[in-house]
Amino acid sequence: MSEERFDRIESQIAELRELIQQNMLFTQQSISTMQQNMVAMNQNIDALREDVIALRHRIDSVEGSQNVIIREGFQSLMSYNDDLNYEMSDIARQTRLLKRRVVRLERKDRED
505 MSEERFDRIE
515 SQIAELRELI
525 QQNMLFTQQS
535 ISTMQQNMVA
545 MNQNIDALRE
555 DVIALRHRID
565 SVEGSQNVII
575 REGFQSLMSY
585 NDDLNYEMSD
595 IARQTRLLKR
605 RVVRLERKDR
615 ED
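Numbered by our numbering, the letters in the sequence shown go through residues 505 to 616 in order.
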C-alpha cells in the first residue's frame, strides 16, 4: 500500500473517531436530559399524589360536615316534634279537665 493510501485511511479513521466522540457526547447529553426529565416527572407525580391526598382529606371533611349538618337538622326536627307531642299531650290533658268541668257544670245546672 502506498503512503498516500495510509494517509487517507488515517484521516478517515480520525474522522470516524471524531464522529464517534461527537455521537457519544450527544448520547450522554441526551441521557442527561432524559434523567432530568424523569426527575421532574417524578417530582410532578409526587406533587400530584400529595394534591390527591389533600383533596381526599377535603372531601372527607366536607362529607363529615354534611353528615353533621344533616344529623343536627334531624335532631332539631326531632326535638321540635317532641315539643309538639308534649304540647299536644298537655292540650289533651287540659281538654279532658275542661270536659269534666263542663260535665259537672251541666249536672249542676240540671240539678238546679
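Idealized CB from N, CA, C, for every residue including glycine. Owing to the predicted nature of the structure, the values given are computational and were not obtained by experimental measurement.
Secondary structure of residue i, DSSP reduced to three states
i	result
D616	coil
S534	helix
S515	helix
Distance cut-off 6 Å: residue i Cβ against heavy atoms of the ligand FAD
i	result
I535	The ligand FAD is absent from the structure shown, which contains no ligands of any kind.
**OP:** Please specify which runs of the beta strand (DSSP E), each continuous and at least 3 residues long, are wholly inside the stretch 541 to 601, giving them in chain order.
**Re:** List check, beta strand (DSSP E) in window: nothing returned.
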